[in-house]
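Enquirer:
Numbering (the working numbering), first residue to last: 1 to 291.
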């Protein structure tokens, strides 16, 4: 698949065609209808692009429209990869089993198809909105169900600054407040709710001058069982207390051991990474390194 092509904006006529097929039309019937749907995409990615629009009620919205035929093309690609994996498993069964390729591919396929279902994404947005309804400084865009389908997601238009801009614009006390609130939000997702945004990189967060933040793009999410939450929490506590063996135990309890896995070698690697991590300065540490 040529990603350089898929990341280019799709022509507005094609986008409107997709809307008509799924009976989703954010345009008004007024004489100014040409201005009701912005033909220039506000954002464009491999699976969809976003246009600003105005509903007949006058509400300003953002319309996320799936690219034409993207589901069919991705499904074909996934089927081809599945066939290739079956062939590899036939000629090198041991390798596939030891490397966990089947489980890795199945999870990749599940997340990819999940991202193509905009109705599921809309429901996920509402679930997060419910979880954070008492947090006035965490904003989840409102879904407009009358203009939403599996391939078109219409939501409240929101605004804010990207991280790079916020760092230069917001005063230090506001940045510190947002950093603290971001950590509290992550703790809420992973420990209190067991339901987390699985793609929360800087591009999916907008920061506002009043100290609030807006979350975007809910196509990927994850859930933790009560047992997984317990191990996740105890892992972090062990990391903070520099109890490497205890951290390793809780880490492995959140995984599934592969056939012929060498746990001793795994621990040695884990221990080596831990030593490097604890030798780092605070400014060099990241959440990715901790986990």
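C-beta: ideal position from N, C-alpha, C; glycine also.
1) Is there contact here, the region 149-161 with the region 97-112, by at least three beta-carbon pairs under 8 angstroms?
2) Give me the DSSP bridge partner(s) of residue 66.
3) Take the Cβ of residue 216 as the centre, count every other Cβ of all protein chains shown within 10 Å, and call the residue buried at 16 or more, exposed below.
4) Quick one, which of 210, 186, 104 has its alpha-carbon nearest residue 173's?
5) From residue 237 to residue 254, what does the alpha carbon distance come to, in whole angstroms?
6) Any heavy atom of the ligand ATP closer than 6 angstroms to the CB of residue 191?
7) Could you tell me whether the region 82-101 touches the region 66-73, using the rule of 3 or more Cβ pairs below 8 angstroms?
8) Would you list, in sequence order, the uninterrupted beta strand (DSSP E) runs of no fewer than 3 residues that lie entirely inside the region 168-213?
9) Relative to the C-alpha of residue 220, which residue among 268, 36, 119, 56 is closest?
10) Classify residue 130 as helix, strand or coil using the three-state DSSP reduction.
11) So residue 45 and residue 65 are in contact, right, with Cβ under 8 angstroms, and what is the actual spacing, rounded?
Expert: From the atom records:
1) no
2) 48
3) buried
4) 210
5) 15 angstroms
6) The ligand ATP is not among the ligands present in this structure, which contains no ligands whatsoever.
7) no
8) 195-197, 205-207
9) 119
10) helix
11) 11 angstroms between Cβ atoms; not a contact.
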